[in-house]
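Using the working numbering, read the sequence shown as starting at 12 and increasing by one per residue.
Ideal Cβ placement from N, Cα and C applies to all residues, glycine included.
Working notes, structure below.
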Amino acid sequence: MTARRTAAGATAGPTPEQRFERLVGWLTAEGRIDVGDAATRLGVAQETVRRDLRVLESRSQLVRVHGGAVAVEPESLASPAAGLAVTPGSGPVVSEDRALLEALWTELPHAGTLLLGTGRLTLELAHVIVNAPPDDDLTVVTNSLDVGLVLSRVSSLSVYNIGGTVSPRTRAQEGDWALTELHRVHTDVSVVCPVGISVERGLSQPTPAAAAVSQAEVAAGSRVLALVEGAALGRPSFVTFAGIDEIDQIVVAGDPSPATVQEFTERDVACTDRRTMVGTGRGRRS
């Protein structure tokens, strides 16, 4: 997240719209926002976060609860209209990270097998894939109900949801059933969405169930890519599921701190963001 400078030259915090985007992104990935934690991550006062949550609730983007907020039950993907087939180019407009995800899609396999974990960014990547579906035979495996529903609209794709207990917060499939199926799967590329990632603690998720699924997704892939929010970089979450030496590349949304990115590159982990991937075409087709 890029800081602003005031007229006097002092560094200011993120704009309201930047805060709104990050709050919604965290809510999508984690299912809940804690006011104190969000204030620390954004570098603002808790009252600022409370005010932002009131605005987002007025926009029907969340529901405030004691100490924070939870996600609104998603309805659009489950509606009858959402089940209709769509044609390339008819997917919804995604966030400011669209250019990053479009560049990433050109570097992911367009044939073979691809695994997509659960997260805001993989859901937006799914919309990018719908807009530019592959010509070759591609099989996509996912534990996200929403990702599976979006991709199922493209008749040329073979889409597999792994099954399991559905998380009411993230609509991810978890539990023993999901793990059993994942242990049988091998993919050319696995794309996981950790809520936290740091050099010392590796990749992490907010619950043991989510971490167990992500660990199995890492084990399934010949190549593993971590697709993360900029705010997650350098900030571990509750349960670690993989070390950074187990992944091949980190792709970061938003505007991560160059110093934090350098921490990963110094450990020989490719770490790219919108500027480097879109500007240089960095990445490779598997």
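Note on geometry: alpha-carbon atoms of Leu64 and Leu73 lie some 8 Å from one another. Closest by C-alpha distance to Leu244, out of Gly254, Phe275, Ala230, is Phe275.
When secondary structure is reduced to three states using DSSP, Ser225 falls in the helix class.
By the CB criterion at 9 Å, Val210 and Glu240 fall outside the cutoff. Taking C-beta separations shorter than 6 Å and ignoring five residues to either side along the sequence, the partners of Gly130 in its chain run Ala40, Cys204, following chain order. Counting along the chain, no alpha helix (DSSP H) covers Leu73, and no H or E run does either. The Cβ-Cβ distance between Arg285 and Asp108 falls below 9 Å. Taking a C-beta distance under 9 Å as the contact criterion, Ile173 and Leu149 do not qualify as a contact pair. Annotation for Ser201: the continuous beta strand (DSSP E) segment containing it runs 198 to 203. Assignment of beta-bridge partners to Ile208 by DSSP yields Leu214, Arg246.
Contact between Ser248 and Val280 is ruled out by a C-beta separation of about 18 Å, above the 8 Å threshold.
In the three-state reduction of the DSSP assignment, Ser69 falls in the helix class, which pools H, G and I. Ranked by how close their Cα comes to the Cα of Gly79, the residues Val46, Gln216, Leu214, Gly54 have Val46 in first place.
Contact annotation: the stretch 148 to 167 does not touch the stretch 49 to 63, with fewer than three C-beta pairs closer than 8 Å. The DSSP-derived three-state label of Asn154 is coil. By the Cβ-count criterion, Glu185 is buried, with 16 or more other Cβ atoms from all chains shown falling within 10 Å of its own Cβ. Within its own chain, the residues whose Cβ lies closer than 6 Å to the Cβ of Asp259, once the five positions on either side in sequence are excluded, are Arg234, Val235, listed in chain order.
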